[in-house]
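As structure tokens, the structure follows; a few thoughts come after it.
Shown next, in the form of structure tokens:
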């Protein structure tokens, strides 16, 4: 159980992260795993970058349309635990000030932390033909 | 219908999946659909925007963006995918799942939330331990999974639960070559075709050859293809004293494959890995040649063991040799199997059927949205 006053920050010694058009993309540089979140998850990431406490994040998210306080608390516990387990975030001491990055007219969607552990395996699949020369293929055979 | 094909590499890159997809997209276009391709740039220097036989191509540096990793490049690539989807406005996205680039599809799915068809043309690795993975997300989020053989369907359903109601087999296909099958050659010629990598088991074919040569003094093995194992295979043939009867044909252009098969008595596919289908087996059947395959993946299913060829235990050169000798010793049986293969290629694996089944699937998904 993560305590409400606990603050977090991106674990910049291990990960690089960027919010791209509302989608959070995180790469673990030590093992090649990728992570992504959108919607509510991206709000959470932006608040983690501001080193907000769990209680502050919960309060912000609960203001979203359709959010229920208890549900938000439960979802946040799960999400933050997953990110801690993946070493994507780490505990922080001091808060960093800033306006909460929340669009208050947005609807609440349970945040989903997508984990992609198999990127390296997939990169190694079925390598293309070795020794390709200039445009070796004229055209496919006509049906 | 507007179909956006998502494929690791596309023309001018060549390989079974690339050739089959190009043929398929061209056929869709000829049936009145609009088609476009999103693909990786790959190692060649190629334009970002291109076209091939009326098919629009958008090339992006997916693999660089994922393997470096460079979040600036990643962001640029992601935005380019969004732009392309908003510009092309596909009705359906069809992914050939052989690489991690579909991550960019899922991350841009919301900009054009249309049905996603995922074809699994190769065996995917088992899911990594613990929660999550792109393979699991891709198979889990797809509107429909297409497997190219029953073996592949079974394997994929075993890997990801809950696919029963949204997955099926559409057997692979290729257009018939423009040339007709030729009579069997006078001397025994055994042919293998493909990337010269360990998984293809060409070393097993070489190991089988001394037994074949013992029975047929003038037997030859032709290895068509190139790859990192070639030198090792040449050394192996030398060591076995059969170098003069093993011919390395090197890279053969797709247009020449049918001609090459016409010069053979039979085709071997001694693969070690789980071939999802085995297009070479189909190419051999199209040219009325019997096929000897190892019992892996979809190979035995494609040839229908005992009907159009013989399936032998995996990694077993004596069994390969025995099957080859049996066919070479009985040309009438070889011809019978070859004709059965040609007939199977024209029916079960016909190209128009392949295109129509995909069209029907797209229509079904659009109507069930």
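Residue numbers (my numbering), protein chains in the order written: chain A, 1223 to 1365; chain B, 19 to 387. The C-beta atom is built at its ideal place from N, Cα and C for all residues, glycine as well.
Residues sharing a beta bridge with residue i, DSSP
i              : result
residue 1241/A : 1246/A
residue 268/B  : 242/B
residue 138/B  : 165/B
residue 1256/A : 1249/A, 1338/A
residue 1313/A : 1230/A
residue 20/B   : 52/B
residue 323/B  : 327/B
residue 112/B  : 23/B, 135/B
residue 1329/A : 1287/A
residue 59/B   : The partner list for residue 59/B (beta bridge, DSSP) is empty, contrary to what the question assumes.
residue 78/B   : 58/B
residue 309/B  : 285/B, 327/B
residue 211/B  : 242/B
residue 185/B  : 163/B
Cut-off 7 Å between Cβ atoms - residues of its own chain near residue i, not counting five sequence neighbours on either side
i              : result
residue 1249/A : 1237, 1238, 1256
residue 1361/A : Residue placement at residue 1361/A is flagged as unreliable, the pLDDT there being 38, under the threshold of 50; the coordinate-derived value follows with that caveat. Once the five neighbours on either side are set aside, residue 1361/A has no close Cβ partner at all.
residue 1355/A : A caution first: residue 1355/A carries a pLDDT of 35, below 50, which makes its placement in the model unreliable, though a value can still be read off. Around residue 1355/A: no qualifying Cβ.
residue 266/B  : 241, 248, 252
residue 5/B    : No information on residue 5/B is available, as it lies outside the stretch 19 to 387 that chain B covers here.
residue 129/B  : 100, 103, 104
residue 1226/A : 1275, 1276, 1277
residue 47/B   : 53, 72, 73
residue 319/B  : 167, 168, 169
residue 271/B  : none
residue 122/B  : 80, 95, 96, 99
residue 1251/A : 1236, 1237, 1238
residue 260/B  : 227, 228, 231
residue 298/B  : 211, 212, 285, 287
Cα-Cα separation between residue i and residue j, rounded to whole angstroms
i              : j              : result
residue 82/B   : residue 296/B  : 29 Å
residue 294/B  : residue 1320/A : 54 Å
residue 379/B  : residue 112/B  : 11 Å
residue 366/B  : residue 306/B  : 15 Å
residue 1264/A : residue 1300/A : 15 Å
residue 292/B  : residue 167/B  : 11 Å
residue 230/B  : residue 64/B   : 46 Å
residue 1260/A : residue 1336/A : 9 Å
residue 326/B  : residue 287/B  : 13 Å
residue 39/B   : residue 138/B  : 13 Å
residue 1280/A : residue 1296/A : 10 Å
residue 1308/A : residue 1334/A : 14 Å
residue 329/B  : residue 187/B  : 21 Å
Chain A contact residues for residue i, given Cβ-Cβ distances below 7 Å
i             : result
residue 125/B : 1245, 1258
residue 251/B : Simply none; closest approach about 14 Å.
Contact set for residue i: own chain, Cβ-Cβ below 6 Å, skip 5 residues either direction
i             : result
residue 44/B  : 71
residue 161/B : 133, 134, 383
residue 285/B : 209, 302, 307, 309
Coarse secondary structure for residue i, derived from DSSP in three states
i              : result
residue 70/B   : strand
residue 1355/A : The predicted position of residue 1355/A is uncertain, since its pLDDT is 35 and thus under 50; a value taken from the coordinates is nonetheless stated next. Three-state result, residue 1355/A: coil.
residue 329/B  : strand
residue 284/B  : strand
residue 1236/A : coil
residue 37/B   : helix
residue 191/B  : coil
residue 196/B  : coil
residue 386/B  : coil
residue 365/B  : helix
residue 119/B  : coil
Beta-carbon neighbours of residue i, restricted to chain A and to distances below 9 Å
i             : result
residue 388/B : Because chain B in this structure spans residues 19 to 387, residue 388/B falls outside the shown range and cannot be described.
residue 75/B  : Within chain A, no residue comes near residue 75/B; the closest Cβ sits about 14 Å away, beyond 9 Å.
residue 96/B  : 1242, 1243, 1245, 1247
residue 81/B  : 1345
residue 279/B : Going along chain A, no residue has its Cβ under 9 Å from residue 279/B, so there is no contact; the nearest lies around 13 Å.
residue 336/B : By Cβ distance, chain A contributes nothing, its closest Cβ being about 30 Å from residue 336/B, past 9 Å.
residue 143/B : 1340, 1343, 1344, 1346, 1347
Chain-ordered neighbours of residue i on chain B, where CB pairs are closer than 8 Å
i              : result
residue 1305/A : Those do not exist, as residue 1305/A stays about 12 Å from chain B at its closest Cβ, beyond 8 Å.
8 Å CB neighbourhood of residue i in its chain, flanking five on each side removed
i             : result
residue 92/B  : 83, 84
residue 275/B : 195, 211, 242, 301
residue 360/B : 199, 303, 304, 305, 306
Residues that residue i contacts on chain B, provided the C-beta gap is smaller than 7 Å
i              : result
residue 1338/A : 121, 150, 151, 152
residue 1341/A : 84, 118, 152
Partners in chain B for residue i, counting only beta-carbon separations shorter than 9 Å
i              : result
residue 1240/A : 89, 90, 92, 93
Proximal chain A residues relative to residue i, where beta-carbon distance stays under 8 Å
i             : result
residue 155/B : 1336, 1338
residue 364/B : Here the premise fails: no neighbours, minimum Cβ distance about 13 Å.
residue 46/B  : Under the 8 Å cutoff, chain A gives no residues; its nearest Cβ is about 11 Å from residue 46/B.
residue 56/B  : Those within 8 Å of residue 56/B in chain A number zero; the least Cβ separation is about 17 Å.
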